[in-house]
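Colleague: Below is the structure I would like to discuss, written out as structure tokens.
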Amino acid sequence: MSTLLVNTCPGPPACADVHTYLFVDGLDLVTRSDGNALGLHPRQLLRPGGPLYPSDAPRDVKVADHGRADADPCGLTITVRLQGETVVWSDLMFPGREHGVVEEARFHLAQYLGEIERVHGAWQ
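Under my numbering, the first residue of the sequence shown carries the number 23, and numbering increases by one thereafter.
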């Protein structure tokens with residue numbers, strides 16, 4: 023099982039814009055997938071019942087873009103679904119630690135939801 027770590031950047035002066043970092047096993051999903059993209063705003067991704075909350079039906083979730091908001095067709099999109107007590111992210115394509123490509127990540131449901139709720143609570 024993988025571990026999810028979520029963090030946020032508050033915007034200037036710390037960084038160019040408010041955005042969300044998504045780390046899979048310590049690796050920055052957005053930067054490793056597309057170095058020119060930024061994670062979407064925390065309010066957009068982390069709200070209760072929001073796009074990162076899993077359901078039995080797979081759903082495509084835009085997690086990053088190039089600063090052109092929802093009009094950006096080239097944003098980074100992953101597929102999120104729930105399988106029992108496991109959250110599955112698929113359609114990933116980023117370099118892993120061992121020179122391989124990470125195509126899928128699986129998280130324990132409790133750890134996953136706890137991390138999203140922790141960061142959402144801190145962001146409010």
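Ideal placement from N, C-alpha and C gives every residue a C-beta, glycine not left out. Small disclaimer: the values here were computed from a predicted structure and weren't measured.
Measuring alpha carbon to alpha carbon, tell me which residue in Gly97, Pro64 and Leu26 is nearest Asn58.
Modeller: That would be Gly97, whose Cα lies nearest to the Cα of Asn58.
Colleague: Could you please give me the residues that DSSP links to Trp145 through a beta bridge?
Modeller: The partner list for Trp145 (beta bridge, DSSP) is empty, contrary to what the question assumes.
Colleague: Counting beta carbon pairs with one atom in the region 104-122 and one in the region 32-39, are three or more of them shorter than 8 Å?
Modeller: Too few Cβ pairs lie closer than 8 Å, so no.
Colleague: So, under 8 Å CB-CB, Leu114 and Glu126 are touching, yes? Tell me the CB distance rounded to an integer number of Å.
Modeller: Right, the Cβ-Cβ distance comes to about 6 Å (below 8 Å), so this counts as a contact.
Colleague: Given a cut-off of 8 Å on the beta-carbon distance, is the pair Val109 and Leu131 in contact?
Modeller: A contact, by the Cβ cut-off of 8 Å.
Colleague: List the whole-angstrom C-beta distance separating Val85 from Gly61, where the pair is believed to meet the contact cut-off of C-beta under 8 Å.
Modeller: 6 Å between Cβ atoms; contact.
Colleague: Identify whether Leu51 lies in helix, strand or coil by the three-state DSSP scheme.
Modeller: Of the three classes helix, strand and coil, the one that applies to Leu51 here is helix, per DSSP.
Colleague: Using only the alpha-carbon positions, how far apart do Val46 and Ile138 sit?
Modeller: So the alpha carbons of these two residues sit roughly 13 Å apart.
Colleague: Where does Glu126 sit, in a helix, a strand or coil, going by DSSP?
Modeller: Glu126: strand per DSSP, three-state reduction.
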